[in-house]
RNA sequence: GGAGAAAUGGCAGAGUGGUCGAAUGCGGCAGUCUUGAAAACUGUUGAGGGUCACACCUCCGGGGGUUCGAAUCCCUCUUUCUCCGCCA
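Numbering (my numbering), first residue to last: 20 to 441.
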């Protein structure tokens, strides 16, 4: 969430910049007035407590010196102070909660380079690269290919669990494993440390990265234990740093991790969710960075370049989009989406999303570092997929299909142990 | 799952219901000494709110309670450790 202090100090600017995301100015006004009320109550409470602390000390003194009468006299005075402080702290809690809840509803301030816009149609294409292969007229979409070569079984997954939980078989399963290993190797070679993290998280972690409270319906919830299945590794990985103060020398912190991801995707249907296009469970390798604020945009560029490198090696046609205000994720200040061209479906598939959250997550997480003056400063957090497996797989199947079978991208052959699915 | 013990500052580890935000050691930082470093010595060193700056307030795993006053007493939750059971 945004920092109240920042909103207070930059009110007009905040209002203006949030208009790109259609946030009403009245909400900001409300934050400011709630904060004022909160601080006024805090001051009153503090004074009341100070008074009663003082009295208690005096009473202690009298008891020590044996002046019980005087002590009891003072004791009588504490009653009303106690009442007052109780009422005040109740009011204060109410205000603080109201303020926090309101702040939870305000999205991150977009970076100045974020274009205005309402939907994905307004995203700005910043780069397009790679050759779209010319396929034979009878080129198949990946779900047909999956069936033809018996490498992914959607019906079987539906039988065991439900729609959106595919079963990978034989070379299909091996290709998945190869991709995970390849991605992790690329990331660790680029300086990211590999982590294995839990796939279920508690409520506090959900709040830490901003999935809660507003995206509650997107996560699977285990009621009996009050845990959530992770929708992305971002949640457990970023929460490693919840309530942490790291040393400035430790920055940047670069972590990569592979996890399955679980998303309810309620309300999704139709042709766009066919095959691997949208799943309830899928695999993803994620990169997460904790950065010094001065360096975070440079780091974002570095992450974009890193993912470009992977896509070039895979020889997949892709493009990079700068998300517009309307399509930008709630917690992000600037996001680049990567899309791979699906030749058989003749459409672009999102395979990565790389974002700088600036201090938005760090403020919720209380993730800070000590600067050179010994002051605690909120760090910047960034993350990106490198990469999401299903759509990369779809892209490979569709773009690498030949009459003889599906060729395996060269860089993956050492990982798969075969160069053709036929 | 059953029985017991514990949770204190970056770490280790004291703490009697009343100047305890907390002894002491280690670590960190600054200084003295040194050509430099080490050692030694001196000082400093938790977080948040609040203020122009002070004052002041809150925090000793989380939440609640007793009390004029709680790190210290009570309840509850969580976590860790030991023993038993089960188990990849």
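Built from N, CA and C at the ideal position, the CB exists for glycine as well.
#### Entry: residue 67, DSSP secondary structure in three states
Looking up residue 67 in the first chain gives position 48. Three-state DSSP puts residue 67 in a helix.
### Message
Taking 8 Å as the cut-off, does the segment 301-320 touch the segment 336-346 (at least 3 CB pairs, one atom from each stretch)?
### Response
Here the segment 336-346 does not lie against the segment 301-320, with fewer than 3 beta-carbon pairs under 8 Å apart.
### 8 Å Cβ cutoff met for residue 212 and residue 258
In the first chain, residue 212 corresponds to position 193, counting from 1. In the first chain, residue 258 corresponds to position 239, counting from 1. No, they are not a contact pair.
#### Entry: Rounded C-alpha distance that separates residue 230 from residue 304
As a working note, residue 230 is residue 211 in the first chain. As a working note, residue 304 is residue 285 in the first chain. Across the structure, residue 230 and residue 304 are spaced so that their CA atoms are roughly 19 Å apart.
### Query
What are the complete alpha helix (DSSP H) segments, minimum 4 residues, inside the segment 349-388?
Listed in chain order, they are 379-384.
### Message
Check for me: the alpha helix (DSSP H) holding residue 324 runs from which residue to which?
### Response
For the purposes of this step, residue 324 is taken as residue 305 along the first chain, with counting starting at 1. Run containing residue 324: 315-333, per the alpha helix (DSSP H) assignment.
### Task
For residue 40, name the three-state secondary structure that DSSP assigns.
Working through the first chain from its first residue, we reach residue 40 at position 21. Here residue 40 carries a helix assignment [DSSP, helix/strand/coil].
### Query
Is it true that the CB of residue 261 sits closer than 8 Å to the CB of residue 385?
Here the question's residue 385 lines up with position 366 in the first chain. Here the question's residue 261 lines up with position 242 in the first chain. In this structure, residue 261 lies closer than 8 Å to residue 385 by Cβ.
### Message
If contacts are defined as beta-carbon pairs under 8 Å, then residue 368 and residue 142 qualify, I think. What distance do you get, rounded to the angstrom?
### Response
Position 349 of the first chain, counted from the start, is the residue given in the question as residue 368. Position 123 of the first chain, counted from the start, is the residue given in the question as residue 142. Not really, about 14 Å apart at Cβ, beyond 8 Å.
### Task
Can you say whether residue 331 is buried or exposed, counting buried as having 16 or more other CB atoms within 10 angstroms of its CB?
As a first step, residue 331 is located in the first chain; it is residue number 312 there, counting from the start. Classification of residue 331: exposed, given that the 10 Å Cβ count is below 16.
#### Entry: Supposed close pair residue 408, residue 301 - CB separation, criterion 8 Å
Position 389 of the first chain holds residue 408. Position 282 of the first chain holds residue 301. Confirmed, about 6 Å.
### Query
Sorted by chain position, which residues of the same chain lie with C-beta nearer than 7 Å to residue 263's C-beta, five sequence neighbours on each side aside?
Indexing the first chain from 1 puts residue 263 at position 244. Excluding sequence neighbours, residue 263 sits near 386.
### Query
In three-state DSSP terms, what is residue 309?
Position 290 of the first chain, counted from the start, is the residue given in the question as residue 309. The answer is strand: DSSP assigns residue 309 an E or B state.
### Message
Run through the DSSP bridge pairs and tell me what residue 338 is partnered with.
### Response
By 1-based counting over the first chain, the position of residue 338 is 319. In the DSSP output, where bridge partners are listed per residue, residue 338 has 147 and 358.
### Message
Taking a contact to mean a Cβ-Cβ separation below 8 Å, would you say residue 402 touches residue 329 in this structure?
### Response
For the purposes of this step, residue 402 is taken as residue 383 along the first chain, with counting starting at 1. For the purposes of this step, residue 329 is taken as residue 310 along the first chain, with counting starting at 1. Contact: no.
### Query
With contact counted as at least three CB pairs below 8 Å, one residue from each stretch, are the segment 155-174 and the segment 186-203 in contact?
Taking one beta carbon from each stretch, the segment 155-174 and the segment 186-203 have 3 or more pairs nearer than 8 Å; the two touch.
### Message
Under 8 Å, with one C-beta from each stretch per pair, do the segment 100-113 and the segment 56-66 reach the 3-pair mark?
### Response
Verdict: yes, contact present.
### Query
Around the Cβ of residue 118, are there at least 16 other Cβ atoms within 10 angstroms (buried) or fewer (exposed)?
In the first chain, residue 118 corresponds to position 99, counting from 1. Counting the other Cβ atoms within 10 Å of the Cβ of residue 118 gives 16 or more, which makes it buried.
### Message
Tell me which residue opens and which closes the beta strand (DSSP E) that residue 279 is part of.
### Response
As a working mapping, residue 279 is identified with position 260 in the first chain. From DSSP, the beta strand (DSSP E) with residue 279 extends over 272-281.
### Task
Could you have a look at residue 50 and say whether DSSP puts it in helix, strand or coil?
As a first step, residue 50 is located in the first chain; it is residue number 31 there, counting from the start. Residue state for residue 50 is assigned as helix, using DSSP reduced to three classes.
### Query
In whole angstroms, what separates the C-alpha of residue 157 from that of residue 381?
Indexing the first chain from 1 puts residue 157 at position 138. Indexing the first chain from 1 puts residue 381 at position 362. In a straight line, the C-alpha of residue 157 is about 50 Å away from that of residue 381.
### Query
Roughly how many whole angstroms lie between the Cα atoms of residue 270 and residue 377?
On the first chain, position 251 is the one that residue 270 refers to. On the first chain, position 358 is the one that residue 377 refers to. The straight-line gap from Cα to Cα measures roughly 14 Å.
#### Entry: Same chain, Cβ closer than 6 Å to residue 145, five either side skipped, listed in chain order
Numbered from its first residue, the first chain carries residue 145 at position 126. Counting only residues of its own chain and dropping the five nearest sequence neighbours on each side, residue 145 has a CB closer than 6 Å to the CB of 339 and 341.
### Query
Considering only residues of the same chain and omitting the five flanking positions on each side of residue 91, which have a CB-CB separation below 7 Å?
As a position in the first chain, residue 91 is number 72, starting the count at 1. Correct list: empty, nothing qualifies.
### Task
State whether the segment 179-186 contacts the segment 292-299, with contact taken as three or more CB pairs (one from each stretch) at a distance under 8 Å.
Enough Cβ pairs lie closer than 8 Å, so yes.
### Task
Could you check how far apart the C-beta atoms of residue 275 and residue 206 are, in whole angstroms? I think they sit under 8 Å.
By one-based count along the first chain, residue 275 stands at place 256. By one-based count along the first chain, residue 206 stands at place 187. Indeed they touch by this definition, with Cβ atoms about 4 Å apart.
#### Entry: Continuous beta strand (DSSP E) stretch holding residue 247: start and end
What you label residue 247 is simply residue 228 of the first chain in a count that begins at 1. 246-248 is the span of the beta strand (DSSP E), which, as asked, contains residue 247.
### Message
Please report the straight-line C-alpha distance between residue 36 and residue 318, rounded to a whole angstrom.
### Response
Here residue 36 refers to the residue found at position 17 of the first chain. Here residue 318 refers to the residue found at position 299 of the first chain. Spanning the two alpha carbons is a distance of roughly 23 Å.
### Task
Could you pull out every residue in the same chain whose Cβ sits closer than 6 Å to the Cβ of residue 135, ignoring the five residues on either side in sequence?
One-based indexing of the first chain puts residue 135 at position 116. Hits under 6 Å: 39 and 344.
### Message
Is the beta carbon of residue 283 closer than 8 Å to that of residue 238?
### Response
On the first chain, position 219 is the one that residue 238 refers to. On the first chain, position 264 is the one that residue 283 refers to. Contact flag set, yes.
### Query
Using the C-alpha atoms, what's the distance from residue 55 back to residue 327?
Taking the first chain and counting its residues from 1, one reaches residue 327 at position 308. Taking the first chain and counting its residues from 1, one reaches residue 55 at position 36. Spanning the two alpha carbons is a distance of roughly 47 Å.
### Message
Looking at the secondary structure, which residues open and close the alpha helix (DSSP H) in which residue 223 lies?
### Response
Along the first chain, one-based indexing puts residue 223 at 204. Per DSSP, residue 223 belongs to the alpha helix (DSSP H) from 222-227.
### Query
Between which two residues does the alpha helix (DSSP H) containing residue 190 stretch?
Along the first chain, read from residue 1 onward, the residue named residue 190 stands at position 171. It spans 189-208 - the alpha helix (DSSP H) in which residue 190 sits, taken as one unbroken run.
### Query
Excluding sequence positions up to five away, which residues of its chain have a Cβ less than 6 Å from the Cβ of residue 370?
Taking the first residue of the first chain as 1, we reach residue 370 at position 351. 357, 359, 406, 407, 410 and 411.
#### Entry: For residue 403: DSSP bridge partner residues
The residue given as residue 403 occupies position 384 in the first chain. The partner list for residue 403 (beta bridge, DSSP) reads 306 and 373.
### Task
May I ask you to report which of helix, strand or coil DSSP gives residue 167?
As a position in the first chain, residue 167 is number 148, starting the count at 1. Of the three classes helix, strand and coil, the one that applies to residue 167 here is helix, per DSSP.
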